[in-house]
Amino acid sequence: MAAYALARYRWNIIKSKDLTVWFLSQRVLPPVVVLIPFFIIMMKLHLLDTWRGLTMVYVTFNLPFGVVIMREMFRDIPVELEEAALIDGASDWQVFTRVSLPLAVNGLIATAIIVFAFAWNEALFALTLTSAKAGTMPVYILSCRSTRGVLFNVAAVNTLLAIGPPVLLALTIQRYLVRGLTFGAVKE
1 MAAYALARYR WNIIKSKDLT VWFLSQRVLP PVVVLIPFFI IMMKLHLLDT
51 WRGLTMVYVT FNLPFGVVIM REMFRDIPVE LEEAALIDGA SDWQVFTRVS
101 LPLAVNGLIA TAIIVFAFAW NEALFALTLT SAKAGTMPVY ILSCRSTRGV
151 LFNVAAVNTL LAIGPPVLLA LTIQRYLVRG LTFGAVKE
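Structure (structure tokens):
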């Protein structure tokens, strides 16, 4: 909804363009810069080594990227369709849920896949904010070592298991992914 608001509404206090730059600037920060503040916050909230805490960090870090992508998707939807729905008596919420959102579903799915891939492949936050209890696949793959060295057979099996869910997800929704990634590529 933030992406829709940035794409469609004009603000008196701050420009929509400035808000978009602010959203993007959150993603430009290197993960190492926010690692210690996240660690302190998670420690004070008693969320270290929990799935809930790690999920909050991933959402906080990946949400700006998703908002910027979806903003562009909503900007590519013709405003005339929304205006026609408003003339027909639809409320702003109905315009969003019945007109704009169905037209942007391909972009929403493509954005979800990209953000999922970012979170799935992330290792720095998972290594720092979790231990064995709430580890992710990159943590398990990195832990494939013993006193004799790296256990390559275990690392290979873990890597094979790690690529399974993203590949299955991408194959399942492939048609939406292709449409979403190419939506707005050619301007008329």
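Heads up, the sequence shown is in full-length UniProt numbering, so the first residue is 1 and it goes up one at a time. Ideal Cβ placement from N, Cα and C applies to all residues, glycine included.
### Query
Can you name the residues that DSSP bridges to R145?
Position 145 of the sequence shown, counted from the first residue, corresponds to residue 145. Answer by DSSP bridge pairing, in chain order: V150.
### Task
Can you give me the Cβ contacts of K17 inside the same chain, cut-off strictly under 7 angstroms, excluding the 5 residues immediately before and after it?
In the sequence shown, residue 17 corresponds to position 17, counting from 1. Nothing meets the Cβ criterion.
#### Entry: D92, enclosing alpha helix (DSSP H) - first and last residue
Residue 92 sits at position 92 when you count from the first residue of the sequence shown. Where D92 is concerned, the enclosing alpha helix (DSSP H) stretches over D92 to V95.
### Task
Give me the Cα-Cα distance between G53 and L63, rounded to the nearest whole angstrom.
Taking the first residue of the sequence shown as 1, we reach residue 53 at position 53. Taking the first residue of the sequence shown as 1, we reach residue 63 at position 63. Approximately 15 angstroms, taken between the alpha carbons.
### Message
Distance check for L124 and V32, CA to CA, integer angstroms please.
### Response
Counted from its first residue, the sequence shown places residue 32 at position 32. Counted from its first residue, the sequence shown places residue 124 at position 124. Rounded to whole angstroms, V32 to L124 spans 8 angstroms at the Cα level.
### Simplified DSSP state of R27, which is helix, strand or coil
Residue numbering aside, residue 27 sits at position 27 when the sequence shown is read from its first letter. R27 falls in the helix class under three-state DSSP.
#### Entry: Y9 classed as buried or exposed, judged by whether at least 16 other C-beta atoms fall within 10 angstroms
Counting from 1 along the sequence shown, the entry for residue 9 is found at position 9. Classification of Y9: exposed, given that the 10 Å Cβ count is below 16.
### Task
Pull up the distance between the alpha-carbon of W51 and that of G89, whole angstroms please.
Here residue 51 refers to the residue found at position 51 of the sequence shown. Here residue 89 refers to the residue found at position 89 of the sequence shown. Computed Cα separation, rounded: 44 angstroms.
### Message
Excluding the 5 residues flanking Y140 on each side, which residues of the same chain have their C-beta closer than 7 angstroms to its C-beta?
### Response
In the sequence shown, residue 140 corresponds to position 140, counting from 1. N158.
### Query
Got a sec? Which residues, its chain only, sit under 8 angstroms from L169 by beta carbon, not counting five neighbours each side?
Start at 1 with the first residue of the sequence shown, and residue 169 comes out as number 169. The answer, listed in chain order, is I113 and F116.
### Query
Could you give the distance in angstroms between the alpha-carbon of N153 and the alpha-carbon of T147?
If you number the sequence shown from 1, residue 153 lands on position 153. If you number the sequence shown from 1, residue 147 lands on position 147. The straight-line gap from Cα to Cα measures roughly 15 angstroms.
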